[in-house]
Every structure is written in structure tokens, then in C-alpha cells.
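Heads up: the sequence shown begins at 8 in the working numbering, then just goes up one per residue. Heads up, the beta-carbon is just placed ideally off N, CA and C, and yes, glycines get one too. Heads up, the thing below is written out as C-alpha cells.
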Amino acid sequence: MASPADKVKIVKKRMKKFPRFQADRFKRMNQSWRKPRGIDGRVRRKFKGSTIIPNIGYGSDKKTRFRLKNGFYKFLVQSPADLEMLLMHNEKYCVEIAHNIGAKKRKEIVERADQLGCMSQTASPASGPRRTSEKPASQTWFSGEVSQRWAFRT
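In C-alpha cells form, the structure reads like this:
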């Protein structure tokens, strides 16, 4: 498999998310960050010991921003034709197959990515049809004489 062209150490200044102020106290409040705007809010006024506010200083290095831990950038693929764009950039981008791609097309994408030498982040194609929860006729609710009674319908 391909490895990233440049081995730059990725330094993240902050990995934890910034929680919304008092979102831990109320179930109805979403955890995602919202700027506090109250006139007396201690978070907005940046009092010591209160929740910290995200600002420009927490940003990642521009050279390594959006990089994955393996050193590649993510490239979302929805069809095997999308892989042709990575022909010259297989040492910079890795393939991520979209979540709504079925097993048949997923298998084609993974095979084509291997031919082009692209690193695939989600390379687990289904080797066959998906498992279904079909039970034998003896375990279904209509087994026995009921199934024989309705046999003419099949």
C-alpha cells in the first residue's frame, strides 16, 4: 500500500471538544458550542475557572490541518470513476467510501483503488450478499397445517 509522501508530525493543539456552557446541566440543551451572549455571563466575560471559549489560537497547523492519523487527507468516493482523480495524488489522499454505497459497488471501488495503489480507509467490502434473518419454515409462525392450508397461493 501507499504511504504518505511527506512524514510531517501532526500536532493537535486541542483534541477535546468545546462544550456548550451549562449543557451538562440540562438534557434538552445540545452539547455543540454556542457563543454565550448574556449580559452577566461569566463565560463571555472570561472569568478564571469558567468554561473556555474557542478562538483562533486553538487552530491546528496549516500544514497538517485536516490530516488523518495515517498522514493522508480524506477523499470521499461515491463511484469507481471518482478514483481516477487520485491517479497522480495517491501519496497525498486516501479513499473513504461513502456510507450509502452498497456492497457490489463498494467491492468495485476497493478493487480499483488497489489497482491504482490508493490507500483505502474503509476497505472492507462485503464478500457476498448480506445476511438475512430468514428462519426455516419450522420456526415461523405459519408452520404446520396453516402453511399447508395456504399452499395454493404460492
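By the C-beta density criterion, A110 is exposed, having fewer than 16 other C-beta atoms within 10 angstroms. Taking all protein chains in view, the Cβ of F79 is crowded by 16 or more other Cβ atoms within 10 Å, so the residue is classified as buried.
Excluding residues up to 5 positions away in sequence, P87, L90 lie with their Cβ nearer than 7 Å to the Cβ of R119 in the same chain. Contact annotation: the stretch 52 to 63 does not touch the stretch 9 to 16, with fewer than three C-beta pairs closer than 8 Å.
Shown here, E98 sits in coil according to DSSP, grouped into three states, outside any helix or strand. Around the C-beta of L93, 16 or more other C-beta atoms lie within 10 Å, and the residue is accordingly described as buried.
Per DSSP, L93 is not a residue of any beta strand (DSSP E), being assigned neither H nor E. Note that the stretch 66 to 81 does not touch the stretch 39 to 57; fewer than 3 beta-carbon pairs, one per stretch, sit closer than 8 Å.
Comparing C-alpha distances from G124 to each of N107, R32, R44, C101 shows the shortest one belongs to C101. The closest CA to that of Q38, considering only V84, K24, L83, is found on K24.
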